[in-house]
Amino acid sequence: MREPPSPCTKVCRIDPATGWCRGCHRTMTEIADWAMLSAKGKAAVLAKLEARGPRTWPS
Numbered sequence: 129m130r131e132p133p134s135p136c137t138k139v140c141r142i143d144p145a146t147g148w149c150r151g152c153h154r155t156m157t158e159i160a161d162w163a164m165l166s167a168k169g170k171a172a173v174l175a176k177l178e179a180r181g182p183r184t185w186p187s
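Numbers 129 to 187, taken from this note's numbering, label the letters of the sequence shown in order.
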């Protein structure tokens, strides 16, 4: 499996209502763990992001 690209949009602001980054919709844990995840683990995070809806900024 190819290494998935980071979903980071360089808009690092955590929404207090959801706990998600407003730029990429990852949680702080997902952001912190990204570099250590396998390709399969990164793909799993990306699948969660799709379920969280479209990324928008500002919200």
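Cβ atoms here follow ideal geometry from the backbone N, Cα and C, with glycine treated the same way. As the structure is a computational prediction, the values presented were derived from the model and not from experiment.
Distance from the Cα of MET129 is smallest, within the candidate group GLY169, ALA175 and GLU178, for GLY169. Shortest Cα-Cα distance from MET156 to any of LEU174, GLU178, CYS140 and PRO182 involves CYS140. ARG180 counts as exposed, since fewer than 16 other beta carbons sit within 10 angstroms of its beta carbon. For ASP161, the enclosing alpha helix (DSSP H) has its first and last residue at 156-161.
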